[in-house]
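Student: Quick one: the structure is below, and I'll ask about it shortly.
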Amino acid sequence: MTFFSQDNVKHFEVPSEDGKINTLTLLEAARGVVEMVSAFGKAFSPVKSDINGNIEKLQKKFEMDKELFVTLNAMLDDELANKKTDLAKIGGLWLMRGLRFLQKFMQLLIEEYREGSKEENMKQIITAAYETTLKKYHGFIVKKVFSGVSSLAPYRKDYLLKMAFGKEGLEEQVINDMAVYLETMDPLLDALGQLFKDKGLDTDDKV
42 MTFFSQDNVK HFEVPSEDGK INTLTLLEAA RGVVEMVSAF GKAFSPVKSD
92 INGNIEKLQK KFEMDKELFV TLNAMLDDEL ANKKTDLAKI GGLWLMRGLR
142 FLQKFMQLLI EEYREGSKEE NMKQIITAAY ETTLKKYHGF IVKKVFSGVS
192 SLAPYRKDYL LKMAFGKEGL EEQVINDMAV YLETMDPLLD ALGQLFKDKG
242 LDTDDKV
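The working numbering numbers the first residue of the sequence shown as 42 and each following residue consecutively.
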(Lines of atoms letter the chains of each structure in order from A; the text may use other names.)
(Lines give C-alpha, C1' and ligand atoms only; values in the text may rest on other atoms or scores of the structure.)
Protein backbone atom coordinates (compact mmCIF):
# COMPACT_ATOMS: atom_id res chain seq x y z
CA MET A 42 0.00 0.00 0.00
CA THR A 43 1.09 3.57 -0.71
CA PHE A 44 -0.22 6.96 0.36
CA PHE A 45 -2.29 7.27 -2.81
CA SER A 46 -3.92 3.85 -2.55
CA GLN A 47 -5.00 3.95 1.11
CA ASP A 48 -8.73 4.09 1.81
CA ASN A 49 -8.76 7.34 3.76
CA VAL A 50 -7.19 9.33 0.90
CA LYS A 51 -10.15 10.07 -1.33
CA HIS A 52 -9.65 10.63 -5.03
CA PHE A 53 -11.24 13.64 -6.65
CA GLU A 54 -14.66 13.23 -8.21
CA VAL A 55 -14.88 13.81 -11.94
CA PRO A 56 -17.51 16.56 -12.39
CA SER A 57 -20.80 15.80 -14.08
CA GLU A 58 -21.43 16.92 -17.65
CA ASP A 59 -23.21 20.04 -16.44
CA GLY A 60 -20.05 21.15 -14.61
CA LYS A 61 -21.49 20.82 -11.11
CA ILE A 62 -18.79 20.30 -8.45
CA ASN A 63 -19.95 18.61 -5.26
CA THR A 64 -18.78 20.59 -2.23
CA LEU A 65 -18.22 17.75 0.22
CA THR A 66 -16.37 15.44 -2.16
CA LEU A 67 -14.12 18.34 -3.20
CA LEU A 68 -13.29 19.16 0.42
CA GLU A 69 -12.73 15.52 1.35
CA ALA A 70 -10.28 14.98 -1.51
CA ALA A 71 -8.53 18.28 -0.84
CA ARG A 72 -7.88 17.27 2.77
CA GLY A 73 -6.06 14.20 1.46
CA VAL A 74 -3.77 16.41 -0.58
CA VAL A 75 -2.88 18.37 2.55
CA GLU A 76 -1.45 15.19 4.07
CA MET A 77 0.67 14.69 0.97
CA VAL A 78 2.22 18.12 1.54
CA SER A 79 3.17 17.06 5.07
CA ALA A 80 5.70 14.65 3.56
CA PHE A 81 7.63 17.66 2.22
CA GLY A 82 8.67 18.43 5.78
CA LYS A 83 8.16 21.31 8.21
CA ALA A 84 9.62 23.83 5.76
CA PHE A 85 6.48 23.47 3.67
CA SER A 86 4.12 24.23 6.55
CA PRO A 87 3.17 27.61 4.95
CA VAL A 88 1.94 25.74 1.85
CA LYS A 89 0.02 23.29 4.00
CA SER A 90 -1.43 26.12 6.10
CA ASP A 91 -2.55 28.01 3.00
CA ILE A 92 -4.39 25.02 1.53
CA ASN A 93 -5.97 24.25 4.90
CA GLY A 94 -7.12 27.84 5.23
CA ASN A 95 -8.88 27.73 1.88
CA ILE A 96 -10.53 24.43 2.73
CA GLU A 97 -11.80 26.01 5.96
CA LYS A 98 -13.26 28.97 4.03
CA LEU A 99 -15.26 26.62 1.81
CA GLN A 100 -16.32 24.51 4.79
CA LYS A 101 -17.54 27.63 6.61
CA LYS A 102 -19.58 28.70 3.59
CA PHE A 103 -21.06 25.21 3.24
CA GLU A 104 -22.09 25.18 6.92
CA MET A 105 -24.18 28.30 6.35
CA ASP A 106 -26.71 26.32 4.30
CA LYS A 107 -25.89 22.66 3.68
CA GLU A 108 -28.96 22.09 1.54
CA LEU A 109 -28.42 25.07 -0.72
CA PHE A 110 -24.65 24.81 -0.99
CA VAL A 111 -24.37 21.20 -2.11
CA THR A 112 -22.18 22.38 -4.99
CA LEU A 113 -19.40 24.92 -5.26
CA ASN A 114 -21.34 26.37 -8.17
CA ALA A 115 -24.24 27.23 -5.85
CA MET A 116 -21.92 28.89 -3.33
CA LEU A 117 -20.36 31.07 -6.02
CA ASP A 118 -23.76 32.00 -7.46
CA ASP A 119 -24.89 33.06 -3.99
CA GLU A 120 -21.86 35.26 -3.44
CA LEU A 121 -22.12 36.87 -6.86
CA ALA A 122 -25.80 37.64 -6.28
CA ASN A 123 -25.79 38.67 -2.61
CA LYS A 124 -22.22 39.85 -1.99
CA LYS A 125 -22.53 39.10 1.74
CA THR A 126 -19.48 36.83 1.84
CA ASP A 127 -16.54 36.00 -0.40
CA LEU A 128 -15.54 32.74 1.28
CA ALA A 129 -16.23 30.58 -1.77
CA LYS A 130 -14.77 33.07 -4.23
CA ILE A 131 -11.49 33.42 -2.36
CA GLY A 132 -11.27 29.96 -0.81
CA GLY A 133 -12.23 28.17 -4.00
CA LEU A 134 -9.94 30.21 -6.22
CA TRP A 135 -6.85 29.80 -4.05
CA LEU A 136 -7.58 26.16 -3.30
CA MET A 137 -7.71 25.55 -7.04
CA ARG A 138 -4.39 27.34 -7.54
CA GLY A 139 -2.72 25.43 -4.73
CA LEU A 140 -3.99 22.14 -6.14
CA ARG A 141 -2.72 23.08 -9.61
CA PHE A 142 0.73 23.58 -8.14
CA LEU A 143 0.67 20.13 -6.56
CA GLN A 144 -0.80 18.63 -9.72
CA LYS A 145 2.09 20.02 -11.77
CA PHE A 146 4.62 18.85 -9.19
CA MET A 147 3.29 15.30 -9.40
CA GLN A 148 3.23 15.35 -13.19
CA LEU A 149 6.88 16.44 -13.32
CA LEU A 150 7.91 13.94 -10.66
CA ILE A 151 6.29 11.10 -12.59
CA GLU A 152 7.88 12.22 -15.87
CA GLU A 153 11.38 12.48 -14.43
CA TYR A 154 11.12 9.13 -12.69
CA ARG A 155 9.81 7.30 -15.75
CA GLU A 156 12.44 8.90 -17.96
CA GLY A 157 15.10 7.44 -15.68
CA SER A 158 16.39 10.72 -14.26
CA LYS A 159 19.00 10.25 -11.54
CA GLU A 160 18.36 13.70 -10.06
CA GLU A 161 17.36 13.31 -6.42
CA ASN A 162 17.06 16.97 -5.49
CA MET A 163 13.41 17.95 -6.03
CA LYS A 164 14.00 21.69 -5.86
CA GLN A 165 14.09 21.92 -9.66
CA ILE A 166 10.70 20.32 -10.26
CA ILE A 167 9.09 22.14 -7.33
CA THR A 168 10.37 25.43 -8.74
CA ALA A 169 9.19 24.51 -12.24
CA ALA A 170 5.74 23.64 -10.90
CA TYR A 171 5.61 26.92 -9.00
CA GLU A 172 6.68 29.00 -12.00
CA THR A 173 3.95 27.58 -14.22
CA THR A 174 1.15 27.83 -11.65
CA LEU A 175 1.41 30.14 -8.63
CA LYS A 176 4.24 32.51 -9.43
CA LYS A 177 2.25 34.99 -11.53
CA TYR A 178 -0.16 35.54 -8.64
CA HIS A 179 2.55 36.30 -6.07
CA GLY A 180 4.27 39.55 -5.27
CA PHE A 181 7.97 39.97 -4.49
CA ILE A 182 7.81 38.98 -0.82
CA VAL A 183 5.78 35.80 -1.35
CA LYS A 184 8.08 34.77 -4.20
CA LYS A 185 11.11 35.15 -1.93
CA VAL A 186 9.42 33.09 0.77
CA PHE A 187 8.64 30.32 -1.67
CA SER A 188 12.18 30.35 -3.03
CA GLY A 189 13.49 29.74 0.46
CA VAL A 190 10.97 26.98 1.10
CA SER A 191 11.75 25.15 -2.16
CA SER A 192 15.45 25.03 -1.30
CA LEU A 193 14.54 22.86 1.69
CA ALA A 194 12.65 20.27 -0.35
CA PRO A 195 13.35 16.62 0.55
CA TYR A 196 15.26 14.33 -1.79
CA ARG A 197 13.14 12.29 -4.15
CA LYS A 198 14.09 8.96 -2.61
CA ASP A 199 13.12 10.22 0.85
CA TYR A 200 9.83 11.62 -0.39
CA LEU A 201 8.88 8.42 -2.22
CA LEU A 202 9.83 6.42 0.86
CA LYS A 203 7.42 8.51 2.95
CA MET A 204 4.71 7.96 0.34
CA ALA A 205 5.32 4.22 0.83
CA PHE A 206 5.06 4.58 4.62
CA GLY A 207 8.74 3.78 5.05
CA LYS A 208 8.66 0.50 3.14
CA GLU A 209 11.63 0.03 0.81
CA GLY A 210 11.31 -0.97 -2.84
CA LEU A 211 7.92 0.58 -3.56
CA GLU A 212 9.07 3.60 -5.57
CA GLU A 213 7.55 2.29 -8.79
CA GLN A 214 4.27 1.55 -7.03
CA VAL A 215 4.14 5.04 -5.53
CA ILE A 216 4.66 6.56 -8.98
CA ASN A 217 1.97 4.35 -10.53
CA ASP A 218 -0.53 5.08 -7.77
CA MET A 219 0.24 8.79 -8.09
CA ALA A 220 -0.52 8.62 -11.82
CA VAL A 221 -3.88 6.96 -11.09
CA TYR A 222 -4.62 9.67 -8.53
CA LEU A 223 -4.04 12.34 -11.18
CA GLU A 224 -6.59 10.71 -13.50
CA THR A 225 -9.41 12.24 -11.46
CA MET A 226 -7.54 15.30 -10.19
CA ASP A 227 -6.85 16.57 -13.72
CA PRO A 228 -10.48 16.80 -14.95
CA LEU A 229 -11.62 18.23 -11.62
CA LEU A 230 -9.11 21.06 -11.85
CA ASP A 231 -10.05 21.68 -15.49
CA ALA A 232 -13.69 22.02 -14.41
CA LEU A 233 -12.74 24.34 -11.54
CA GLY A 234 -10.71 26.51 -13.88
CA GLN A 235 -13.59 26.75 -16.35
CA LEU A 236 -16.05 27.54 -13.57
CA PHE A 237 -14.03 30.45 -12.19
CA LYS A 238 -13.29 31.69 -15.71
CA ASP A 239 -16.95 31.62 -16.74
CA LYS A 240 -17.93 33.61 -13.66
CA GLY A 241 -15.15 36.16 -14.19
CA LEU A 242 -13.44 35.29 -10.91
CA ASP A 243 -10.03 34.09 -12.11
CA THR A 244 -8.02 37.31 -12.10
CA ASP A 245 -4.27 37.94 -12.18
CA ASP A 246 -4.32 40.07 -9.02
CA LYS A 247 -1.21 39.48 -6.90
CA VAL A 248 -0.89 38.82 -3.19
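Where a beta carbon is used, it is the ideal one built from N, C-alpha and C, also for glycine.
Quick check on D48: buried or exposed, where buried means 16 or more other Cβ atoms within 10 Å of its Cβ?
Tutor: Burial call: exposed.
Student: Looking at C-alpha atoms only, which residue of K159, K145, Y178 is the closest neighbour of I166?
Tutor: Selected option, being the one with the closest Cα: K145.
Student: Could you tell me the boundaries of the alpha helix (DSSP H) in which V74 lies?
Tutor: Its alpha helix (DSSP H) spans residues 64-79.
Student: Where does N162 sit, in a helix, a strand or coil, going by DSSP?
Tutor: N162 falls in the strand class under three-state DSSP.
Student: Taking the alpha helix (DSSP H) that A122 falls in, what are its first and last residues?
Tutor: Looking at the DSSP string, the run of the alpha helix (DSSP H) that includes A122 is 113-123.
Student: Does G133 pass the burial test, meaning 16 or more other C-beta atoms within 10 Å, or should it be called exposed?
Tutor: It counts as buried.
Student: Rounded to the nearest angstrom, how far is the Cβ of M219 from that of F45, given a contact under 8 Å?
Tutor: About 5 Å; that satisfies the 8 Å criterion.
Student: If the criterion is Cβ atoms closer than 8 Å, does the pair A71 and L193 meet it?
Tutor: Their beta carbons are not under 8 Å apart, which means A71 does not touch L193 by this criterion.
Student: Taking the alpha-carbon positions, what's the T64 to Y222 distance?
Tutor: So the two alpha carbons sit approximately 19 Å from each other.
Student: Buried or exposed: where does R155 fall if 16 or more other Cβ atoms within 10 Å of its Cβ makes it buried?
Tutor: Exposed.
Student: Might you give, ordered along the chain, the residues of its own chain that have their beta carbon closer than 7 Å to the beta carbon of K89, omitting 5 neighbours on each side?
Tutor: Excluding sequence neighbours, K89 sits near V75, V78, S79.
Student: Return the bridge partner residues of Y196 from the DSSP annotation.
Tutor: The partner list for Y196 (beta bridge, DSSP) reads N162.
Student: Taking 8 Å as the threshold (C-beta atoms), are K101 and L128 in contact?
Tutor: In this structure, K101 lies closer than 8 Å to L128 by Cβ.
Student: Measuring alpha carbon to alpha carbon, tell me which residue in A205, K159, V248 is nearest V186.
Tutor: Nearest of A205, K159, V248 to V186, Cα basis: V248.
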